[in-house]
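Residue numbers for the sequence shown follow full-length UniProt numbering, so the first one is 1 and each next one is one higher.
All C-beta atoms, glycine included, are put in the ideal place defined by N, C-alpha and C.
Beneath this line is the structure, given in structure tokens, with notes to follow.
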Amino acid sequence: MRDFSFFGVVALAASLLFGGCDGTGKKMSRGPVPDKSVSGKILNISLDTSIDSLDPQKAVYASAFELIGNMIDGLMQMDDDGSVKKALCKEEIVSSDGLHYTFKLRDDVYWSNGVPVTAHDFVYGWQRAIDPATKSEYAFMISDIAQVKNATAIQAGQMDANQLGVRAVDDYTFEVELQVPVSYFDQLLYFCTFYPANKAFVESCGDSYATSPETCLANGAFLLTEYSSSGKTLSFIKNTAYYDASVVKLGGLHYEVIESSDEKLRKYQSGQLDFVEISGDTVAKMRGSPDFRSVDSGFLYYVTFNFDDKNFANRNLRRAFTFAVDREIIADELADGSAPAYAAIPRGFAFSRSGQDFTASGIEFPEHCSYNPELARRHFDEAKRELGVSSLNLTLLTADGEAQVIAANSIKRQIESLFPEVSISIDKVPKSQRRKLMSAGKFEFGLNNWGPDYADPMTYLAMWVTGNDNNQGNYFNPKYNALISSCTDGDLCTKPDERWKALKQAELMVMDDAVIMPIYQKCNADLINPSVRNIAFHAVAINRIYKKTTK
Numbered sequence: 001m002r003d004f005s006f007f008g009v010v011a012l013a014a015s016l017l018f019g020g021c022d023g024t025g026k027k028m029s030r031g032p033v034p035d036k037s038v039s040g041k042i043l044n045i046s047l048d049t050s051i052d053s054l055d056p057q058k059a060v061y062a063s064a065f066e067l068i069g070n071m072i073d074g075l076m077q078m079d080d081d082g083s084v085k086k087a088l089c090k091e092e093i094v095s096s097d098g099l100h101y102t103f104k105l106r107d108d109v110y111w112s113n114g115v116p117v118t119a120h121d122f123v124y125g126w127q128r129a130i131d132p133a134t135k136s137e138y139a140f141m142i143s144d145i146a147q148v149k150n151a152t153a154i155q156a157g158q159m160d161a162n163q164l165g166v167r168a169v170d171d172y173t174f175e176v177e178l179q180v181p182v183s184y185f186d187q188l189l190y191f192c193t194f195y196p197a198n199k200a201f202v203e204s205c206g207d208s209y210a211t212s213p214e215t216c217l218a219n220g221a222f223l224l225t226e227y228s229s230s231g232k233t234l235s236f237i238k239n240t241a242y243y244d245a246s247v248v249k250l251g252g253l254h255y256e257v258i259e260s261s262d263e264k265l266r267k268y269q270s271g272q273l274d275f276v277e278i279s280g281d282t283v284a285k286m287r288g289s290p291d292f293r294s295v296d297s298g299f300l301y302y303v304t305f306n307f308d309d310k311n312f313a314n315r316n317l318r319r320a321f322t323f324a325v326d327r328e329i330i331a332d333e334l335a336d337g338s339a340p341a342y343a344a345i346p347r348g349f350a351f352s353r354s355g356q357d358f359t360a361s362g363i364e365f366p367e368h369c370s371y372n373p374e375l376a377r378r379h380f381d382e383a384k385r386e387l388g389v390s391s392l393n394l395t396l397l398t399a400d401g402e403a404q405v406i407a408a409n410s411i412k413r414q415i416e417s418l419f420p421e422v423s424i425s426i427d428k429v430p431k432s433q434r435r436k437l438m439s440a441g442k443f444e445f446g447l448n449n450w451g452p453d454y455a456d457p458m459t460y461l462a463m464w465v466t467g468n469d470n471n472q473g474n475y476f477n478p479k480y481n482a483l484i485s486s487c488t489d490g491d492l493c494t495k496p497d498e499r500w501k502a503l504k505q506a507e508l509m510v511m512d513d514a515v516i517m518p519i520y521q522k523c524n525a526d527l528i529n530p531s532v533r534n535i536a537f538h539a540v541a542i543n544r545i546y547k548k549t550t551k
């Protein structure tokens with residue numbers, strides 16, 4: 001059992017410092033502070049990449065979403081089957097026009113310093129997320145996706161954040177006003193961007209907020225107790241003051257960042273880890289083990305083309321590469337259950353009102369995305385003519401994870417084999433650096449990935465709108481922008497069947513323009529200690545939840 005006495009000191013100090021305010025300066029009675037002597041079994045988990053912040057309004061990676069989800073509950077949460085259920089909200093009232101939401105909050109929820117969680121925390125959290133000063137890469141979730149009133153103007157710097165369409169009617173009543181009806185609004189509320197934040201605490205921490213146990217507050221199932229300066233190890237203990245503490249069976253969680261599959265396997269087999277994600281040759285070694293499990297992650301891996309690059313601004317070159325790659329080969333090389341992808345929207349997460357999967361077959365655009373060497377050659381010859389070149393030297397950017405490197409090497413090998421005139425160098429960098437380079441436009445083409453934040457195709461299609469932070473290739477198409485706008489803030493918002501058809505048209509535009517090159521839909525190859533039960537796996541938002549897990 002790990003020694004958590006340090007956290008007790010931190011929690012006590014924080015409760016004395018902040019225990020008397022609700023975030024508005026008003027005095028409130030302090031609630032229970034978590035018991036520092038909690039006992040129970042620890043679940044030991046591997047992570048693939050270090051985490052530099054646990055700020056819910058700034059998080060961008062799935063691993064950070066998981067860690068934050070351990071600590072903080074929002075208005076809603078995902079049930080074990082992936083459906084939406086109430087968390088801090090005990091009652092939801094929606095106006096007949098779908099524009100006004102009133103949330104009655106539980107009055108038995110406290111931050112880990114004893115301060116009650118109130119409607120003011122949601123007001124501040126949402127305002128903080130949309131405030132340009134926060135530099136949240138997920139601010140678009142509040143403006144473009146949730147369509148909260150005034151969010152777009154605030155994001156553009158035209159209005160103050162305090163004019164966002166949210167307010168605290170009283171300590172336990174939170175109101176939201178939308179620009180247009182959003183049919184999947186409740187699904188957004190279990191995402192980190194929409195979590196509450198205590199203003200007094202956040203401002204007292206300054207830039208160090210959410211970077212250490214001392215600068216994190218929790219209201220959820222677990223509390224952060226260890227967070228190494230390198231972000232390589234993190235530990236949590238059960239939050240005994242959690243309103244739903246009776247369902248939390250583990251004594252805590254311990255994460256260790258390990259990039260090598262061989263090292264993960266060694267530690268798993270020695271009993272140091274209970275849950276690891278493996279890749280490469282390690283998958284082949286362990287596939288027959290009773291501990292092995294392949295879990296659909298919901299992530300789409302794809303190549304992003306930089307439209308500002310003189311070569312990849314050429315549509316024929318983008319299409320040539322798209323037809324040159326046999327995705328079956330890559331899936332076989334990954335050997336983790338991942339499936340070839342031929343569409344911009346992955347399978348199995350977005351369904352129509354009649355229950356139809358948005359990407360029913362997965363092979364819906366054979367004229368735009370398939371393995372077709374003859375067609376690839378024709379497009380490539382035309383690209384050379386248009387570009388006025390006889391050969392190309394290109395650089396493919398990728399994160400340095402094992403699976404990404406396998407995929408990148410296969411893409412390089414297949415393209416160079418089909419087109420001897422092409423030479424591709426692979427630039428392998430840490431995941432966070434890969435994202436920074438692509439966001440800054442400092443790449444030619446790069447292996448990218450995205451997982452669904454909510455169960456609607458817009459979680460992908462919004463990325464290619466002009467001005468979206470995730471439009472890293474700088475794709476610009478006014479017709480596409482207008483079509484997406486009609487689905488988010490236009491007349492199709494109240495016409496779900498017509499909206500669904502419009503979203504399919506938008507995906508077709510992405511494929512026809514070869515904005516991206518879909519490669520594979522990721523499955524995670526996991527090894528799980530047989531004594532571990534009830535990990536909730538989800539393809540959307542928070543991929544793994546340990547609230548009911550036992551060991």
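Review point. What residue from GLY74, ILE363, MET511 has the CA that sits closest to ASN219's CA?
Key: Here the closest residue by C-alpha is GLY74.
Exercise for review: Take ASP186 as the anchor and find which of ILE45, MET76, LYS495 has the nearest alpha-carbon.
Suggested key: Measuring from the Cα of ASP186, the nearest candidate turns out to be MET76.
Check your understanding: Which residues bound the beta strand (DSSP E) around PHE358?
Key -> Careful: PHE358 lies outside any beta strand (DSSP E) and carries neither H nor E.
Check your understanding: With a cut-off of 8 Å, does the C-beta of SER486 fall near any C-beta of chain B?
Key -> The chain labelled as chain B is not found in the depicted structure, where only one protein chain is given.
Review point. Candidates PRO373, PHE307, SER270, ILE406: which alpha carbon is nearest residue 553's?
Key: Residue 553 lies beyond the range of the chain shown here (1 to 551); nothing can be said about it.
Point to revise | ALA262 versus THR211 - alpha carbon distance | key: The sequence given here has Asp at residue 262, not Ala. Answer to the nearest angstrom: the Cα atoms are 29 Å apart.
Review point. Under three-state DSSP, which class holds PHE443?
Key: In the structure shown, PHE443 sits in coil (DSSP, three-state: anything other than H, G, I, E or B).
Review point. DSSP on ASP52, reduced to helix/strand/coil?
Key: Three-state DSSP puts ASP52 in coil, outside helix and strand.
Review point. Would you call LYS436 buried or exposed, if buried means 16 or more other Cβ atoms sit within 10 Å of its Cβ?
Key: LYS436 is exposed by the Cβ-count criterion.
Point to revise | SER425, buried or exposed, once every other Cβ within 10 Å from all chains shown has been counted against 16 | key: Result: exposed.
Point to revise | Per-residue burial, PRO530 [other beta carbons within 10 Å of its own, 16 or more giving buried] | key: Counting Cβ neighbours within 10 Å, PRO530 comes out exposed, since fewer than 16 surround it.
Review point. Between the C-alpha atoms of ALA11 and SER112, what's the straight-line distance to the nearest angstrom?
Key: Unreliable placement is indicated for ALA11, whose pLDDT of 40 sits below 50; the coordinate value is still reported in the next sentence. SER112 has its alpha-carbon roughly 7 Å from the corresponding atom of ALA11.
Point to revise | Close-in-space but distant-in-sequence residues of the same chain around LYS428 (CB under 7 Å, 5 per side omitted) | key: In its chain, beyond the 5 residues on either side, THR398, ASP400, VAL405 have a beta carbon closer than 7 Å to the beta carbon of LYS428.
**Study point:** Residues that DSSP places opposite PRO420 in a beta bridge
**Key:** Per DSSP, none; premise fails for PRO420.
Exercise for review: Would you decide whether ASP131 is buried or exposed? Buried here means 16 or more other CB atoms lie within 10 Å of its CB.
Suggested key: Around the beta-carbon of ASP131, 16 or more other beta-carbon atoms lie within 10 Å, marking it buried.
Check your understanding: Does the count of Cβ pairs from the stretch 150 to 158 and the stretch 101 to 108 closer than 8 Å reach three?
Key -> Contact between the stretch 150 to 158 and the stretch 101 to 108 is absent, because fewer than three Cβ pairs lie under 8 Å.
Exercise for review: Could you check which residue in PRO290, ALA119, ARG318 has the C-alpha nearest to that of VAL303?
Suggested key: Scanning PRO290, ALA119, ARG318 for the CA closest to the CA of VAL303 turns up ARG318.
Practice item. Inspect the beta-carbon positions of ASN372 and PHE445 and report whether they are closer than 8 Å. Key: Taking 8 Å as the Cβ cut-off, ASN372 and PHE445 do not qualify as a contacting pair.
Practice item. Can you give me the start and stop residues for the beta strand (DSSP E) that GLU256 sits inside? Key: Here the beta strand (DSSP E) through GLU256 covers 252 to 257.
**Study point:** Assigned exposure category for ILE345 - 16 Cβ within 10 Å defines buried
**Key:** With 16 or more Cβ atoms within 10 Å of its Cβ, ILE345 is classed as buried.
Review point. In its own chain, which residues sit with a C-beta less than 7 Å from the C-beta of ASN393, not counting the 5 before and 5 after it?
Key: For ASN393, where only same-chain residues beyond five positions count, the Cβ hits under 7 Å are SER423.
Check your understanding: How about ASN448 and MET458: do their beta carbons lie closer than 8 Å?
Key -> The answer is no: Cβ separation not under 8 Å.
Practice item. Could you spell out where the alpha helix (DSSP H) holding LEU483 opens and where it closes? Key: For LEU483, the enclosing alpha helix (DSSP H) stretches over residues 478 to 488.
Exercise for review: Count the other C-beta atoms from every protein chain shown that fall within 10 angstroms of the C-beta of ALA541, then say buried if there are 16 or more, exposed otherwise.
Suggested key: Here ALA541 is buried. Its C-beta has 16 or more other C-beta atoms within 10 Å.
Point to revise | Coil, strand or helix - ARG434 by DSSP | key: Residue state, collapsed to three classes: helix.
Review point. By DSSP, does VAL117 sit in helix, in strand, or in coil?
Key: Of the three classes helix, strand and coil, the one that applies to VAL117 here is coil, per DSSP.
Check your understanding: In chain order, what residues of the same chain lie with their CB nearer than 6 Å to the CB of ALA14, ignoring the 5 residues before and after it?
Key -> Its pLDDT being 42, under 50, ALA14 is placed unreliably in this model, and the value from its coordinates should be taken loosely. Hits under 6 Å: ASN113.
Review point. Hey, LYS384 and LEU396: beta-carbon distance below 8 Å or not?
Key: Annotated as distal: LYS384 and LEU396, with beta-carbon spacing of 8 Å or more.
Practice item. Specify the secondary structure class of ARG2 as computed by DSSP and reduced to three states. Key: Confidence at ARG2 is low in this model, with a pLDDT of 33, below 50, so the placement of that residue should be treated as unreliable; the coordinate-derived value is given next. Residue state for ARG2 is assigned as coil, using DSSP reduced to three classes.
Point to revise | Coil, strand or helix - ASP81 by DSSP | key: Three-state DSSP puts ASP81 in coil, outside helix and strand.
Check your understanding: For CYS493, which of helix, strand or coil comes out of DSSP?
Key -> Helix at CYS493.
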